[in-house]
Amino acid sequence: MLLNQYRIQPVSSTGTKLHLTRIAPTPSGFLHLGNILSFAITYALAKKHQAKILLRIDDLDQNRIKAPYVEDMFDTLAFMGFTWHYGPKNIEDYHASFSQIHRMPLYQKALDHLTAKSAVYACQCSRKDIAQASPDGRYPGTCREKAIDLHKNRVNWRLKTHDTPICMRLESGRVISELPALMEDFIIRKKDTAPAYQLASVVDDIHFGVDLIVRGNDLVNSSWAQLFLAGLLPENTFSKSTFYHHPLIMEDREHKLSKSAGSTSIHGLRKIGKTKAEIYQQLGAFMGFDTSISSLQEFERAYNQKGLP
Numbered sequence: 029m030l031l032n033q034y035r036i037q038p039v040s041s042t043g044t045k046l047h048l049t050r051i052a053p054t055p056s057g058f059l060h061l062g063n064i065l066s067f068a069i070t071y072a073l074a075k076k077h078q079a080k081i082l083l084r085i086d087d088l089d090q091n092r093i094k095a096p097y098v099e100d101m102f103d104t105l106a107f108m109g110f111t112w113h114y115g116p117k118n119i120e121d122y123h124a125s126f127s128q129i130h131r132m133p134l135y136q137k138a139l140d141h142l143t144a145k146s147a148v149y150a151c152q153c154s155r156k157d158i159a160q161a162s163p164d165g166r167y168p169g170t171c172r173e174k175a176i177d178l179h180k181n182r183v184n185w186r187l188k189t190h191d192t193p194i195c196m197r198l199e200s201g202r203v204i205s206e207l208p209a210l211m212e213d214f215i216i217r218k219k220d221t222a223p224a225y226q227l228a229s230v231v232d233d234i235h236f237g238v239d240l241i242v243r244g245n246d247l248v249n250s251s252w253a254q255l256f257l258a259g260l261l262p263e264n265t266f267s268k269s270t271f272y273h274h275p276l277i278m279e280d281r282e283h284k285l286s287k288s289a290g291s292t293s294i295h296g297l298r299k300i301g302k303t304k305a306e307i308y309q310q311l312g313a314f315m316g317f318d319t320s321i322s323s324l325q326e327f328e329r330a331y332n333q334k335g336l337p
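Position 72 of the sequence shown, counting from 1, maps to 100 under the numbering used here, and the rest follow consecutively.
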């Protein structure tokens, strides 16, 4: 569900200063137009709020991370004019200090905290099992009461969720909702024992002090799940973050652009002679800007002049 389908409750301005946002690419493919749109909106909102930018590379799934994609990530960010204040400055810096592998103790600490609270359970269901039991994709709770050993091989760890109001802060106010049905008892540790995206993302944002979270409309449900999860963790600064979910560039009416699906990449556009200016012109047209743009700085000015959130 998109956030414009919720009732937004206005709140009085408190003058809260936003300090840090992040761009968080996953080097599992070449960066595409949708990635650059998200990063450009993040850049514009950072400028609007005078916030710093962190480059956070989501690379927990090491089987999908390939050296050419890591190289492309840094090359494409430089080509499109992006700079950031914190995070890796180059490939060597990324491997030495900023891979998520270096933060595994933080993820394990969060998992230990949740298991100590009896907030997790083991699940041995496959995706096929869930699809057969629940055509809408909602996890049916098959393993919740089975008391499967958490340390059994090849089990997911699921968070015990429940109906409780969750508050999401927006620039325009706040939204209060319960966890979407599709996110009930979501996975926080995968069958290969790696932390799941929802847990790693929350722990990272708390660790770095991120308080402005910009992501696509396809991740609204993830935002609700992460807010629920953060409420169970100590030092929960995440719940005070401001969220913005932006529209997606679509492959067609039903499918967003995807690295794994081979969608048009910046790498591919450059190979056929597209310039940075032409790529930004395309993004500006998608956003409906009144003037033609040709750079990241012009995108930022047009975005903020348009009064977008």
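Virtual Cβ for every residue (Gly too), placed ideally from N, Cα, C.
Do residue j and residue i count as a contact pair if the criterion is CB distance below 8 Å?
i	j	result
glutamine 310	serine 322	no
isoleucine 81	histidine 60	no
arginine 217	asparagine 249	no
leucine 65	phenylalanine 314	yes
phenylalanine 266	leucine 198	no
phenylalanine 110	leucine 297	no
glutamine 226	alanine 253	yes
alanine 161	proline 168	yes
glycine 312	phenylalanine 327	yes
arginine 186	tyrosine 135	no
aspartate 100	histidine 295	yes
phenylalanine 107	asparagine 118	no
isoleucine 85	proline 133	no
phenylalanine 256	leucine 207	yes
histidine 274	isoleucine 129	no
phenylalanine 67	serine 293	no
Quick one: is residue i buried, meaning 16 or more other Cβ sit within 10 Å of its Cβ, or exposed?
i	result
serine 154	exposed
proline 55	buried
proline 262	exposed
threonine 44	exposed
arginine 182	exposed
asparagine 91	exposed
glycine 244	buried
alanine 289	Confidence at alanine 289 is low in this model, with a pLDDT of 47, below 50, so the placement of that residue is unreliable and no value is reported for it.
histidine 146	Strictly speaking, residue 146 in this sequence is serine, with histidine absent from that position. Looking at its Cβ environment, which holds fewer than 16 other Cβ atoms inside 10 Å, serine 146 is exposed.
serine 269	buried
serine 41	A caution first: serine 41 carries a pLDDT of 48, below 50, which makes its placement in the model unreliable, though a value can still be read off. So serine 41 ends up on the exposed side.
serine 320	exposed
threonine 303	exposed
proline 163	exposed
leucine 247	buried
alanine 228	buried
leucine 178	exposed
alanine 305	exposed
threonine 189	buried
serine 125	exposed
serine 251	buried
threonine 104	buried
Looking at the unbroken alpha helix (DSSP H) that takes in residue i, where does it start and where does it end?
i	result
threonine 104	95-107
tyrosine 149	Taken as a continuous stretch (DSSP letters only), tyrosine 149 belongs to no alpha helix (DSSP H), being part of the beta strand (DSSP E) at 148-151.
tyrosine 135	132-144
glycine 62	61-77
serine 250	248-258
valine 238	Valine 238 -> no alpha helix (DSSP H), and no H or E assigned at all.
leucine 324	324-333
Please decide whether residue i counts as near chain C, where near means a Cβ-Cβ distance under 8 Å.
i	result
isoleucine 81	Protein chains in the displayed structure number just one, and chain C is not present.
Kindly give me the distance between the Cβ atoms of residue i and residue j, rounded to whole angstroms, as I take these residues to be in contact under 8 Å.
i	j	result
threonine 49	alanine 79	5 Å
leucine 88	isoleucine 51	Wrong, their Cβ atoms sit about 17 Å apart, outside the cutoff.
glycine 62	isoleucine 277	5 Å
lysine 76	asparagine 264	That belief does not hold up - the Cβ atoms of lysine 76 and asparagine 264 are roughly 26 Å apart, past 8 Å.
Along the chain, where does the beta strand (DSSP E) containing residue i start, and where does it finish?
i	result
lysine 304	From DSSP, lysine 304 is part of no beta strand (DSSP E) but of the alpha helix (DSSP H) over 304-315.
asparagine 184	184-187
glycine 301	Counting along the chain, glycine 301 falls outside any beta strand (DSSP E), and DSSP gives it neither H nor E.
tyrosine 272	270-274
isoleucine 204	201-205
lysine 156	Counting along the chain, lysine 156 falls outside any beta strand (DSSP E), though it belongs to the alpha helix (DSSP H) covering 155-161.
isoleucine 216	215-217
lysine 174	No beta strand (DSSP E) contains lysine 174, which DSSP labels as neither H nor E.
threonine 49	48-51
arginine 92	Careful: arginine 92 lies outside any beta strand (DSSP E) and carries neither H nor E.
methionine 211	Neither: methionine 211 is in no beta strand (DSSP E) and is coded neither H nor E.
isoleucine 277	Element bounds for isoleucine 277: n/a, residue is neither H nor E.
isoleucine 194	194-198
leucine 82	80-83
Inter-stretch contact (C-beta, 8 Å, three-pair minimum) for the segment 209-223 and the segment 235-248: no
Contact the segment 187-198 vs the segment 229-236: 3+ CB pairs below 8 Å: no
The segment 130-148 touching the segment 94-105, judged by at least three CB pairs closer than 8 Å: no
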